[in-house]
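For reference, the structure is listed below as structure tokens.
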Amino acid sequence: MENIISLTKRRGFIYQGSDVYGGLSGTWDYGPLGVQLKRNITNAWWAHFVDGRDDMFGVDAAILMNQKVWQASGHVDTFVDPLCEDTVNHRRYRTDHVLGDKGIDAEGMTMDEMDAAIIEHGIKSPDGNPLSKSRTFNMMFKTHVGATEDESSVSYLRPETAQGIFTNYKNVVDVFYPNLPFGLAQIGKAFRNEISPRDFVFRSREFEQMEIEYFVHPDKWEEAFDELLASTHVFLRSLGLSAERIHELDVPEADRAHYSKKTIDIEFDYPTGKAELLGIAYRTDFDLANIQRASGKSMEYQVKGTQEKFIPHVIEPSFGVERLLMAVLCEAYA
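Counting from 1, one number per residue, gives the positions in the sequence shown under our numbering.
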């Protein structure tokens with residue numbers, strides 16, 4: 001991986017963010033070749049999943065949204081990572097990463113189980129000091145909108161692009177009333193206050209997502225899931241990624257996001273090891289049902305020419321631009 005990082009700076013792909021001032025952890029700037037490569041990837045994705053189909057619509061939602069969006073989605077309460085602290089110098093680390101660095105797989109562990117594993121294996125901080133008990137840390141960047149800083153003005157830099165799609169579902173249905181199944185697609189920036197960004201651009205605090213929320217009849221989600229999964233593999237091969245380096249992981253229930261009933265992670269063989277490239281999740285009606293409850297506005301879809309009404313279920317293919325860019329570079333140079 002060090003050779004890839006060196007090449008990206010030497011050839012004008014990627015630089016450390018704010019490099020001239022000593023940098024800012026977890027941020028990256030893209031030079032002339034990096035910008036063009038990112039644009040090629042996003043253009044290829046849009047051509048494949050949106051322009052190449054007649055059941056997709058594009059949206060571009062605001063980064064700042066009403067705080068009620070994140071309350072209804074569960075992010076305010078549940079978008080957290082386990083954090084532990086060096087008890088001497090107070091540097092903070094993600095507990096699961098501390099364990100992972102020692103070869104211990106923390107997936108599915110509770111915080112108490114992670115703390116017990118740290119004690120059992122005598123794990124210290126990278127500086128050799130004792131670690132505190134773990135606590136939760138919300139990864140959303142909090143800010144205020146307007147000149148008054150109180151609870152009513154709270155907003156967040158969006159941690160994902162998906163909610164901007166869900167809040168526009170009713171707008172698109174009211175104007176276009178597309179037949180089910182149909183999808184809404186968006187490409188845009190997202191922000192997460194990662195405790196310990198790592199692995200170059202793989203895990204950073206500012207990144208770009210390409211996401212689709214694909215709305216389906218509740219009884220027909222499996223067919224849509226399989227079709228989008230197959231289409232994703234076709235897209236990855238079109239980028240030049242070899243099938244031998246791509247793997248599917250059926251994520252167990254304990255490790256899935258709170259909204260997901262089924263998730264397939266597509267993993268790639270990076271120089272640092274096998275890691276998630278993208279994910280496809282069956283979100284049921286979790287998001288639209290929450291919006292309906294929180295807003296008081298119906299999210300039901302009425303099938304044309306019938307009296308059948310229901311809240312659509314959702315299949316979500318979610319791609320990280322930077323992770324795809326890394327995979328393309330690794331395929332070419334590693």
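Backbone N, C-alpha and C define an ideal beta-carbon position, used for all residues, glycine too.
Boundaries of the alpha helix (DSSP H) in which residue i is found, first to last residue
i, result
"residue 169", "169 to 176"
"residue 164", "162 to 166"
"residue 38", "32 to 46"
"residue 225", "221 to 238"
"residue 321", "321 to 333"
"residue 9", "2 to 10"
"residue 293", "286 to 295"
Selection from the options that minimises the alpha carbon distance to residue i
i, options, result
"residue 95", "168, 194, 3, 20", "194"
"residue 269", "172, 331, 35", "331"
"residue 251", "243, 278, 6", "278"
"residue 216", "248, 50, 21, 311", "311"
"residue 66", "325, 309, 294", "294"
"residue 158", "223, 192, 249, 108", "192"
"residue 100", "63, 114, 259", "114"
"residue 136", "111, 128, 63", "111"
"residue 324", "21, 253, 242, 296", "242"
"residue 327", "247, 149, 86, 69", "247"
"residue 48", "228, 102, 244, 275", "228"
"residue 320", "38, 84, 15", "38"
"residue 292", "72, 42, 1, 61", "72"
"residue 108", "290, 262, 147, 255", "255"
Opening and closing residue of the beta strand (DSSP E) in which residue i lies
i, result
"residue 56", "56 to 58"
"residue 138", "135 to 138"
"residue 207", "206 to 216"
"residue 143", "141 to 144"
"residue 266", "262 to 270"
"residue 185", "182 to 191"
Expected contact under 8 Å - CB spacing of residue i and residue j to nearest Å
i, j, result
"residue 185", "residue 209", "Not a contact, Cβ separation roughly 11 Å."
"residue 4", "residue 329", "6 Å"
"residue 213", "residue 183", "6 Å"
"residue 118", "residue 88", "With 8 Å as the limit, residue 118 and residue 88 do not qualify as a contact, their Cβ atoms being about 16 Å apart."
7 Å Cβ cutoff, residue i in contact with chain B
i, result
"residue 282", "Checking the listed chains, one finds no chain B in this structure; it contains a single protein chain."
Decide if the stretch 174 to 188 is in contact with the stretch 294 to 308; the criterion is three or more beta carbon pairs, one per stretch, under 8 Å apart. yes
Does the contact criterion of 3 or more C-beta pairs under 8 Å hold for the stretch 223 to 240 versus the stretch 191 to 207? no
Count the CB pairs spanning the stretch 68 to 80 and the stretch 128 to 144 that are closer than 8 Å, and state whether there are at least three. yes
Answer yes if the stretch 161 to 171 comes into contact with the stretch 11 to 31, meaning at least three C-beta pairs across the two stretches below 8 Å, and no otherwise. no
If we count Cβ pairs, one from each stretch, closer than 8 Å, do we get three or more for the stretch 271 to 285 versus the stretch 312 to 328? yes
Stretch pair the stretch 116 to 130 + the stretch 218 to 233: three plus CB contacts closer than 8 Å: no
I'd like the ranges of any alpha helix (DSSP H) spanning at least 4 consecutive residues and lying wholly in the stretch 68 to 126. 75 to 78, 95 to 100, 111 to 120
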